[in-house]
Amino acid sequence: MESWSRVMGLLRRYAPADHADLPGPATEEMLAAAEERMGLSLPRDLRAWLLQNNLDLPEEDADDDVACRGFAGFPDEGSFFLGVRAMEGLYANRFVPGGFDPPDRPDDPFWRNEWIPFLSDQDGWAGKFVDVRDGRVGRWSVGGTTITGEYASLAHYFDSVARTLTRIAEGEHPVCEVVEGRLVWS
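Numbers given in the working numbering equal positions in the sequence shown, counted from 1, plus 2.
Next up, the structure:
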């Protein structure tokens, strides 16, 4: 996925210590097993992204007191990208019989089973998802409004992350800078 490659190139250039901490790719076997357990197929963009970087923390670094696990401080201070295991865990936590929640709002639900989370806060209360029906990216927030179609695709979302990283690298971001090869949020 070209837009993710651009993000990784910017991270490698401007925050090389953060880039060095990122794990390797997921395998086709990992993705097939996750799809089977979730009961749906991953959208093409999401699959391509995970085959470049599976952002699950190593088991020894996982904190059992945290609902979602990922690399803190990227793409922003309060949220992080999820790896395959974390996606599955959060998806299982959000999954509801009948396909959407609440059941009396099918046209404006808080959550649909067709949404796969790929970014979250540590509590799993807010984040972004990819809609398997059309590949659009939306966001949810417990107690807040769910927005579908915030980005036309995962590639469009990653383009926005690349723009943010560029602003940070140029010293034009109000709450983030690069210090000793790492993104530091104030």
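Think of the CB as a built atom: it goes at the ideal place given N, C-alpha and C, for glycine as much as any other residue. Everything numeric in this text was worked out from a predicted model, so none of it was measured.
The ligand PLP heavy atom lying under 6 Å from the CB of Phe102: Among the components of this structure there are no ligands whatsoever, and the ligand PLP is therefore not found.
Cα-Cα separation between Gly26 and Leu57, rounded to whole angstroms: Between Gly26 and Leu57, the C-alpha separation is close to 8 Å.
Within 7 Å, strictly: CB atoms of Asp189 and Trp117: An answer regarding residue 189 cannot be provided, because it is not within the stretch 3 to 188 covered by the chain.
Nonlocal neighbours in the same chain, by C-beta distance under 6 Å from Trp142, ignoring five residues either side: Sequence-distant partners of Trp142 (beyond 5 residues in either direction) whose C-beta falls short of 6 Å from its own C-beta, in its chain, are Thr148.
contact_flag[the stretch 33-53, the stretch 17-25] where n(CB pairs < 8 Å) is 3 or more: Output reads no: the stretch 17-25 does not touch the stretch 33-53.
For Val180, three-class secondary structure by DSSP: Here Val180 carries a strand assignment [DSSP, helix/strand/coil].
Assigned exposure category for Gly183 - 16 Cβ within 10 Å defines buried: By the neighbour-count criterion, in which 16 or more other beta carbons inside 10 Å mark a residue as buried, Gly183 falls on the exposed side.
Reference Ser162; option with closest CA among Pro176, Val144, Val139, Val177: Selection Pro176, Val144, Val139, Val177 evaluated against Ser162 yields Val139 as nearest (Cα-Cα).
7 Å Cβ cutoff met for Trp187 and Glu79: Yes. Within cutoff.
Inter-residue Cα distance where the pair is Ala34 and Arg8: Between the C-alpha atoms of Ala34 and Arg8 there is a straight-line separation of about 26 Å.
Under the three-state DSSP convention, the category Leu84 falls into: Leu84: coil per DSSP, three-state reduction.
Reduced DSSP secondary structure (H/G/I, E/B, other) of Ala2: It is not possible to answer for residue 2, since the shown part of the chain is limited to 3 through 188.
Neighbourhood of Asn115 by C-beta distance below 6 Å, restricted to the same chain and skipping five residues each side: Hits under 6 Å: Phe97, Gly101.
Rounded distance between the beta-carbons of Leu121 and Trp51, thought under 8 Å: Cβ atoms of Trp51 and Leu121 stay farther apart than 8 Å, at about 11 Å.
For Ser43, three-class secondary structure by DSSP: The answer is coil: DSSP assigns Ser43 none of H, G, I, E or B.
Residue ranges of each beta strand (DSSP E) within the stretch 90-123, 3 or longer: Scanning the stretch 90-123 for uninterrupted beta strand (DSSP E) segments of 3 residues or longer gives 117-122, listed from N- to C-terminal end.
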